[in-house]
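In order, the protein sequences belong to chains A and B.
If you count by the working numbering, then the first sequence holds residues 1 to 278, one letter each, in order.
If you count by the working numbering, then the second sequence holds residues 1001 to 1175, one letter each, in order.
Structure first, then comments.
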Amino acid sequence: MDCIAAQKLLSCFHDNELQPELVAEFREHIGGCCKCSEELASFDKLSTLFDDSVVLEPSAGLWDKLECAMTTSSTSRTVPAVRRIGIQSRVLGLALAAGLLLAMRVWSFTHRHNQNDHQHDALAVNLQTMLSQFATDPLLAMNELSKEYHGVEVSLDTAESMLDYKPAIGNRLPNGYQLASTHILKMPCCTCAASVCTRSNGSSFSIFEHNTEQQMWFGDAPAVMAKCGNKECRLVQMPEHLAVTWKSGKRQLTAIGVNGVEEVASLLAAIENPASPG
Amino acid sequence: MVLANEVIEGAARGERESPRLIYESLGSRVYRTVYRIVGSSDADDVTQDIFLHLFANLNKFRFESESSTWVHRLAVNQALQHLRRSSRKSTVPIESLADDPATEKVDQDLEELFEVALSRLDNELCIILDLKESQDLSYSQIAEIVGIPEGTVGSRLNRARRELKGHLLALGWEE
Chain A
1 MDCIAAQKLL
11 SCFHDNELQP
21 ELVAEFREHI
31 GGCCKCSEEL
41 ASFDKLSTLF
51 DDSVVLEPSA
61 GLWDKLECAM
71 TTSSTSRTVP
81 AVRRIGIQSR
91 VLGLALAAGL
101 LLAMRVWSFT
111 HRHNQNDHQH
121 DALAVNLQTM
131 LSQFATDPLL
141 AMNELSKEYH
151 GVEVSLDTAE
161 SMLDYKPAIG
171 NRLPNGYQLA
181 STHILKMPCC
191 TCAASVCTRS
201 NGSSFSIFEH
211 NTEQQMWFGD
221 APAVMAKCGN
231 KECRLVQMPE
241 HLAVTWKSGK
251 RQLTAIGVNG
261 VEEVASLLAA
271 IENPASPG
Chain B
1001 MVLANEVIEG
1011 AARGERESPR
1021 LIYESLGSRV
1031 YRTVYRIVGS
1041 SDADDVTQDI
1051 FLHLFANLNK
1061 FRFESESSTW
1071 VHRLAVNQAL
1081 QHLRRSSRKS
1091 TVPIESLADD
1101 PATEKVDQDL
1111 EELFEVALSR
1121 LDNELCIILD
1131 LKESQDLSYS
1141 QIAEIVGIPE
1151 GTVGSRLNRA
1161 RRELKGHLLA
1171 LGWEE
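Structure follows, in structure tokens:
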């Protein structure tokens, strides 16, 4: 058994779910491989953290509240019926509002046959790769994305003529920030503008301008809706930075690699209210 | 989690004590799963809704799977539904987020740090990992609850554990 095979079986072994006929072979590999044995040991440490974590219990009065709710339901024949209808209509409403795409990303265990979903999944995978590259080299990440999606590096004027609109990023960056490059990418969702901006310390982040919100880019990463000035934006927590997406006029802007909410606020202020000092 | 079929049948028949027995058997475990998905502030309310829904639908249980698996599947679905509903509604002022959790090392004790790291896992991975580590369910039970092939559970757990470790290290955990 080599490392690739052993790595795939680490959890199965750790959880005593490994097929018996593979156990001896797995043990033999682990016995002679520092990398795999160290990773297995780290799984043990995580299990210890679970064992030592606070035991979560419902509040003491929850059964009383539950009993009370049940009593209320049973004393009125109309209440349970209304409640059941309410639940069903909420589910239906949710399903309609969320739409097929969101549902498939939020709970993406099911098979995917639709061509659009294939495209979006491919996009999500590529962007996930790019997002991790941002920690080390944003310009390289953008170049790779550009190769993938037939991108061309252009000036702002050329971008305007290709897109029929001037990218919102234009000359609206906060003080101390510079536009390093702008690419036009032919992504499955639309043709969009992707710009890399640099801070005064030389670090970078990217801004995408596209026609529709791209929730699936970030999968199920933790997110929060925030009000910034008069704009509602969605902040997505990535391992080392933030991504933020908001509607700007007819289009959607998404900044990836932002350093905290203060930078989000200054970015939105500069782009959405260019008269502000920035 | 042991829940006798007779208790479920009794509750479906309207026996007075059966709902309480079901809650006593499953309440804590359901709450823990719900807590991991929706967080502390809504966990009680969502748990209450789950049990109300469960009691109203006990006659639909077909005894083809383990009752605990069935209840957990219901709990996971209800909690995720709550999360989707609330995530579309809640908007907070950006000023209130000034302590940026994504970029700041967390100066907390290990238990708090662990909770923060867990909360950064995506829902799917967090649910699967919690079902294994906290609830000690088998891969076949987890597969049935979340609706994935049993053979996929191990790879999802590998990913969950690696990502959890990554979040912990980013928060300053010293392995």
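Cβ atoms here follow ideal geometry from the backbone N, Cα and C, with glycine treated the same way.
Everything numeric in this text was worked out from a predicted model, so none of it was measured.
Query raised in the report: Counting only beta-carbon atoms, is A69 (chain A) nearer than 9 Å to chain B?
Result: yes
Query raised in the report: Taking Cβ-Cβ distances shorter than 8 Å, what residues in chain A pair up with N1158 (chain B)?
Result: Q7, K8, L10 and S11
Requested in this report: Would you check if the distance between the CB atom of L1168 (chain B) and the CB atom of L1113 (chain B) is smaller than 9 Å?
Outcome: yes
Query - Neighbour flag for K45 (chain A) against chain B, beta carbons, 9 Å - result: In terms of beta-carbon proximity, K45 (chain A) lines the interface with chain B, with at least one pair separated by less than 9 Å.
Requested in this report: At 8 Å on the CB atoms, spell out the chain B contacts of K250 (chain A), in chain order.
Outcome: The contacting residues do not exist; K250 (chain A) stays about 21 Å from chain B at best.
**Report entry** C228 (chain A) versus A:G176, A:F208 and A:V261, residue with shortest Cα-Cα distance
**Finding:** When each option's Cα is compared against that of C228 (chain A), the closest is A:V261.
Query - Backbone secondary structure at V1076 (chain B) - three-state DSSP - result: helix
Requested in this report: Would you mind working out which of A:A269, A:Y177 and A:A193 sits nearest L156 (chain A), comparing C-alpha positions?
Outcome: A:A193
Requested in this report: Could you check what DSSP says for I1148 (chain B) in three-state terms: helix, strand or coil?
Outcome: coil
Requested in this report: Report back the beta-carbon spacing between H183 (chain A) and E153 (chain A) to the nearest angstrom; my notes put them in contact at under 8 Å.
Outcome: Right, the Cβ-Cβ distance comes to about 5 Å (below 8 Å), so this counts as a contact.
Requested in this report: Give the DSSP bridge partners of W1070 (chain B), in chain order.
Outcome: In the DSSP output, where bridge partners are listed per residue, W1070 (chain B) has none listed.
Query raised in the report: Beta-carbon of L156 (chain A) versus every beta-carbon of chain B: anything under 9 Å?
Result: no
Query raised in the report: Going by alpha carbons, who is nearest to L1121 (chain B) out of B:Q1141, B:R1085 and B:R1162?
Result: B:R1162
Query - Through-space distance from T71 (chain A) to W1173 (chain B), alpha-carbon basis - result: 48 Å
Query raised in the report: Going by Cα to Cα distance, which pick from A:K186, A:A243, A:D137 and A:E263 is closest to H210 (chain A)?
Result: A:K186
Query raised in the report: Exposed or buried, which one is D44 (chain A) when buried takes at least 16 other CB atoms within 10 Å?
Result: It is exposed - the Cβ of D44 (chain A) has fewer than 16 other Cβ atoms within 10 Å.
Query raised in the report: Thinking just about the alpha-carbon of each residue, which of A:N259, A:A269, A:S59 and A:A69 is nearest to the one in A168 (chain A)?
Result: A:A269
Report task. Consider the Cβ of E1009 (chain B): report whether some Cβ of chain A lies at a distance smaller than 9 Å. Result -> no
Query raised in the report: Taking the alpha-carbon positions, what's the E1111 (chain B) to P1149 (chain B) distance?
Result: 32 Å
Query raised in the report: Per DSSP, I184 (chain A) forms a beta bridge with which residues?
Result: In the DSSP assignment, the residues bridged to I184 (chain A) are A:V152 and A:A193.
Query raised in the report: Taking Cβ positions, are Q1135 (chain B) and H1072 (chain B) nearer each other than 9 Å?
Result: yes
Report task. Apply the 10 Å Cβ neighbour rule to P280 (chain A) and answer buried if 16 or more other Cβ atoms are within range, or exposed otherwise. Result -> Nothing about residue 280 (chain A) can be read from this structure; chain A reaches only from 1 to 278.
Requested in this report: For R199 (chain A), collect the residues of the same chain with a Cβ closer than 7 Å to its Cβ; drop the 5 residues on either side in sequence, then sort them by chain order.
Outcome: G176 and Y177
Query raised in the report: Do you know whose CA, among B:N1059, B:A1079, B:A1056 and B:A1011, lies nearest V1030 (chain B)'s CA?
Result: Just measuring C-alpha positions, the residue of B:N1059, B:A1079, B:A1056 and B:A1011 sitting nearest V1030 (chain B) is B:A1079.
Query raised in the report: Which bits of chain B does I65 (chain A) rub up against, with CB to CB less than 7 Å?
Result: What sits at residue 65 (chain A) in the sequence shown is Lys, not Ile. The contacting residues are Q1048.
Query - Per-residue contacts from V54 (chain A) into chain B (C-beta, under 7 Å) - result: E1111
Query raised in the report: With respect to the beta strand (DSSP E) encompassing K247 (chain A), which residues constitute its N-terminal and C-terminal limits?
Result: L242 to S248
Query - Distance CB(S1040 (chain B))-CB(E57 (chain A)) smaller than 9 Å - result: no
Query - Neighbouring residues, chain A, relative to E1133 (chain B) (Cβ below 7 Å) - result: Those are S47 and F50, listed as they occur along chain A.
Query raised in the report: Any beta-carbon of chain A closer than 9 Å to the one on D1042 (chain B)?
Result: For D1042 (chain B), no CB of chain A lies under 9 Å from its own CB, so it is not counted at the interface with that chain.
Query raised in the report: According to DSSP, what are the bridge partners of Q237 (chain A)?
Result: DSSP lists A:L242 as partners of Q237 (chain A).
**Report entry** Beta-bridge pairing of H210 (chain A) - partner residues as DSSP gives them
**Finding:** A:Q252
**Report entry** Assumed close pair Y1023 (chain B), L9 (chain A) - CB separation to whole angstroms, cut-off 8 Å
**Finding:** Wrong, their Cβ atoms sit about 39 Å apart, outside the cutoff.
Query raised in the report: Hey, quick one: how far does the alpha helix (DSSP H) through C33 (chain A) stretch, first residue to last?
Result: Where C33 (chain A) is concerned, there is no enclosing alpha helix (DSSP H), given that its DSSP letter is neither H nor E.
Requested in this report: Flag D1107 (chain B) as yes if its beta-carbon sits less than 9 Å from any beta-carbon of chain A, otherwise no.
Outcome: Legend: pLDDT at D1107 (chain B) = 47, less than 50; position of this residue unreliable, value from coordinates given subsequently. Not closer than 9 Å to any Cβ of chain A, the Cβ of D1107 (chain B) fails to qualify, so no.
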